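In the working numbering, the protein residues as written are 9 to 154. The beta carbon of each residue, even a glycine, is placed where N, CA and C say it ideally should be. The model shown is predicted, which means the values in this text are computed figures rather than measured ones. Reviewing the structure listed below.
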């Protein structure tokens, strides 16, 4: 084998590796620039008492800001400072750079002062896991998001 052929082998390997990197970038594989950025905004609290419980109706807005869609498949709400929890399968789809609005959700607690947690899990279209969590602080008739 000549010196010229021996020197050509590393050059060919380098060209092949660069071509593979370009293919990954073109398809989005290996790219870290596309990540989901999901936010849960809770708003428009309305207070009432139902069955002896302080009940807080509200709207939930799932806002995707990263340009990658998200599917949420599990939700959990805990009241009475985390002592009582309800978990459920859900099927919520948030399109890329869009907002999913769900009006008239409610949480209820027997406590005047409570820390209510609302959590969701799912996955982004790029395969990454997604988890969002909000804490609603109640004080009698008022509620606010922490």
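Strictly by DSSP, which residues pair up with residue i?
i	result
residue 114	65
residue 161	Absent from the model: residue 161. The displayed extent of the chain is 9 to 154, so no value can be given.
residue 49	69
residue 101	79
residue 106	In DSSP, residue 106 forms no bridge with anything.
residue 91	None; residue 91 has no bridge partner.
residue 147	121 and 150
residue 96	83
Identify which residue in the options has its Cα closest to the Cα of residue i.
i	options	result
residue 119	58, 81, 62 and 48	62
residue 121	97, 89, 60 and 94	89
residue 97	110, 82, 67 and 103	82
residue 59	123, 117 and 138	117
residue 67	50, 144 and 87	50
residue 74	91, 136 and 99	136
residue 52	114, 139, 101 and 108	114
residue 151	46, 95, 45 and 65	65
residue 94	101, 70, 124 and 108	124
Please work out which residues of its chain come closer than 8 angstroms, Cβ to Cβ, to residue i, disregarding the five sequence neighbours upstream and downstream, and give them in chain order.
i	result
residue 103	72 and 77
residue 42	36, 74, 75, 76 and 134
Leaving out five residues on either side along the sequence, give the residues of the same chain with a beta carbon under 7 angstroms from the beta carbon of residue i.
i	result
residue 106	72
residue 5	The question about residue 5 has no answer, for the chain in this structure spans 9 to 154.
residue 154	143 and 145
residue 99	81
residue 112	65
residue 57	63
For residue i, which residues of its own chain have a beta-carbon under 6 angstroms away from its beta-carbon, when the five flanking residues on both sides are left out?
i	result
residue 126	85 and 142
residue 146	122
residue 110	68
residue 140	46, 48 and 128
The stretch 125-138 / the stretch 68-85 touching (three or more Cβ pairs under 8 angstroms): yes
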